[in-house]
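Before any comments, here is the structure.
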Ligand SMILES: [Zn+2]
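Residue numbers (my numbering): 2 to 562.
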């Protein structure tokens, strides 16, 4: 065990490298209480090559030490992550990682999208927690952090609330950029501020021009690009938003068709291959002017959900090749990965990125019952899509999906890894090696208990809790209690374990109590409120305690009356 080390950062001078060295120092201090000392015989050397790649090497440094060398600043970050995951920690000492070799990622776009809305954790937690989480994900191989400035909440960029949100998003993106990671802005092709002119607004009704359903999530303030003057206004507003982030140099800009967004009018139909493309091309052109380095990602999310034939129409539009203003096509769906790119080829032959929804599936409210763990589901997804993708932007509503993030980040680094192996590494890193096997088993047991939901009983307004699957909740809870008893105190109290423990306890208590609200459930849900900073959370993301559900009912009643 090493009780003291010397941190050798050589000629490291750039801000990113200084931050990565500082990150390593802070993590070692937190994990075992060891700080660098100038005279220590054991040396940790951090270095960076001259390349642009994202790989790293970890080698012996005779007579006593380890050298972590990145191909670039972010390669060093990933090497530091690999080194830390391989170390074993005691009180005041650590056993350095025994792993030696070189490693580089298979896929070039290993992003994460933080949804900052509904007063979820990204929206309301102390921003220092989010910054530290960006570091966590960087250590696991993430190379891009994506955010969305959701215009419809605000009257314009002069709105003080808009300025506060811009400031928060900038802090998150600056944390990523400070570590040498890329940043990404998302937005709708026809996105608008809250008080958009009503005569320029998009149609969102269905039952005409081929639309069988109104577009989901539409806020009814979006603009119709076919109305005279609307495209100019869309571009003016989009330009203001892009300018607010220009100095951060976002590497990617994703332009969305739906959810929210879209226009169902006759002139825009079918939106995905007509009005959307016109608006997106104009937005892409403006983006290239303001952010010349930004790659344009065209999203196809929810194509064919509200009108049939959008995918097929896009194929026809791109039959002779994709327009030069598109760099990537984003392909994915809440209801399973679209089939068309496999059967007919990718429209225009574009590189494809995914958008796996890792936060909601199965439970309502999302994450309201603790950790959402789906290793079987994501392993199956991965085997289906890995040959098609250049990477992905998983959609996240908070920290309850942390295990799914790590699975996807690690598959994008090494597509052949087994889910069980990644789960073991996760548990060894974030829990303790002694429980890694049991924690992996717990993850699979919890996946059998999806479909938990909270409803209000009409006769007395009290919450009741339901499950949709037979599950093995009692077995999971028993295993969780056994693991809990074997964890060091600081791990047992950490948010990663508490989210897993609460998830197991809640699943078992819902069954043993027949779905009634109990004192234990109330304590569990209130602990989740603390862990998520969810005091103000909206219904989709609020842990369903009696208190929280009463608060939400009151706010609905106040809004109605
Ligand atoms: Zn329209």
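Even glycine gets a Cβ: it sits at the ideal position worked out from N, Cα and C. Just so you know, these numbers come straight off a predicted model, no measurement behind them.
Residue burial classification, residue i (beta-carbon count within 10 angstroms, cutoff 16)
| i | result |
| --- | --- |
| residue 531 | exposed |
| residue 330 | buried |
| residue 64 | exposed |
| residue 205 | buried |
| residue 177 | buried |
| residue 293 | exposed |
| residue 471 | exposed |
| residue 254 | buried |
| residue 129 | exposed |
| residue 100 | exposed |
| residue 443 | buried |
| residue 459 | exposed |
| residue 109 | exposed |
| residue 93 | exposed |
| residue 192 | buried |
| residue 30 | exposed |
Residue of the options minimising C-alpha distance to residue i
| i | options | result |
| --- | --- | --- |
| residue 228 | 250, 96, 201 and 452 | 201 |
| residue 78 | 379, 129, 18 and 46 | 18 |
| residue 1 | 429, 450 and 449 | This structure does not reach residue 1, given that the chain is present from 2 up to 562, and the question cannot be answered. |
| residue 208 | 307, 318, 268 and 179 | 307 |
| residue 62 | 461, 521 and 98 | 98 |
| residue 325 | 338, 70, 299 and 113 | 299 |
| residue 274 | 287, 288 and 259 | 259 |
| residue 234 | 558, 250 and 197 | 197 |
| residue 270 | 524, 85 and 315 | 315 |
| residue 505 | 462, 369 and 553 | 369 |
| residue 143 | 395, 4, 474 and 365 | 395 |
| residue 184 | 317, 135 and 104 | 135 |
| residue 539 | 554, 525 and 527 | 554 |
| residue 476 | 461, 449 and 467 | 449 |
| residue 182 | 521, 86, 478 and 21 | 21 |
| residue 317 | 446, 526 and 346 | 346 |
| residue 120 | 246, 154, 492 and 216 | 154 |
| residue 225 | 215, 262, 252 and 256 | 262 |
| residue 147 | 175, 49 and 126 | 175 |
| residue 400 | 445, 496 and 426 | 496 |
Integer-rounded CB distance, given that residue j should sit under 8 Å from residue i
| i | j | result |
| --- | --- | --- |
| residue 302 | residue 356 | 6 Å |
| residue 405 | residue 354 | Contact flag wrong, Cβ pair sits at about 17 Å. |
| residue 250 | residue 264 | Not really, about 31 Å apart at Cβ, beyond 8 Å. |
| residue 592 | residue 363 | Only positions 2 to 562 of the chain appear in the structure, and residue 592 is not among them; the question remains open. |
| residue 57 | residue 27 | Not really, about 19 Å apart at Cβ, beyond 8 Å. |
| residue 141 | residue 407 | 5 Å |
Contact set for residue i: own chain, Cβ-Cβ below 8 Å, skip 5 residues either direction
| i | result |
| --- | --- |
| residue 242 | 150, 152, 158, 186 and 188 |
| residue 488 | 432, 433, 436 and 498 |
| residue 240 | 287 and 291 |
| residue 53 | 72 and 73 |
Enclosing alpha helix (DSSP H) for residue i [first to last residue]
| i | result |
| --- | --- |
| residue 533 | 520-533 |
| residue 375 | Unbroken run through residue 375: none, as it is neither H nor E. |
| residue 87 | 74-87 |
| residue 550 | 547-561 |
| residue 405 | 403-414 |
| residue 19 | 16-33 |
| residue 299 | Run containing residue 299: none in the alpha helix (DSSP H); it sits in the beta strand (DSSP E), 296-300. |
| residue 427 | 420-431 |
| residue 393 | Residue 393 -> not in any alpha helix (DSSP H); beta strand (DSSP E) instead, spanning 390-393. |
Continuous beta strand (DSSP E) stretch holding residue i: start and end
| i | result |
| --- | --- |
| residue 464 | 464-467 |
| residue 454 | 454-457 |
| residue 156 | Careful: residue 156 lies outside any beta strand (DSSP E) and carries neither H nor E. |
| residue 329 | 329-331 |
| residue 183 | 183-189 |
| residue 9 | 7-9 |
| residue 59 | 57-61 |
| residue 304 | Run containing residue 304: none; DSSP gives neither H nor E here. |
| residue 147 | 145-149 |
| residue 103 | 102-104 |
| residue 256 | 253-257 |
Neighbourhood of residue i by C-beta, 6 Å cutoff - its chain only, sequence neighbours within 5 removed
| i | result |
| --- | --- |
| residue 1 | Because the chain in this structure spans residues 2 to 562, residue 1 falls outside the shown range and cannot be described. |
| residue 581 | Residue numbering for the chain in the displayed model covers 2 to 562; residue 581 lies beyond these limits and cannot be assessed. |
| residue 46 | 9, 62 and 68 |
| residue 41 | 5, 6 and 7 |
| residue 279 | 226 |
| residue 305 | 311 and 312 |
Any non-hydrogen atom of ligand 2 closer than 6 Å to residue i Cβ
| i | result |
| --- | --- |
| residue 143 | Ligand 2 is absent from the structure shown, which contains only ligand 1. |
Sequence-distant residues of the same chain with beta carbon closer than 7 Å to residue i, five excluded per side
| i | result |
| --- | --- |
| residue 88 | 95, 96, 97 and 98 |
| residue 502 | 481 and 485 |
| residue 421 | 441 |
is_contact[residue i, chain D] using C-beta, thresh 7 Å
| i | result |
| --- | --- |
| residue 413 | Of the protein chains in this structure there is only one, and it is not chain D. |
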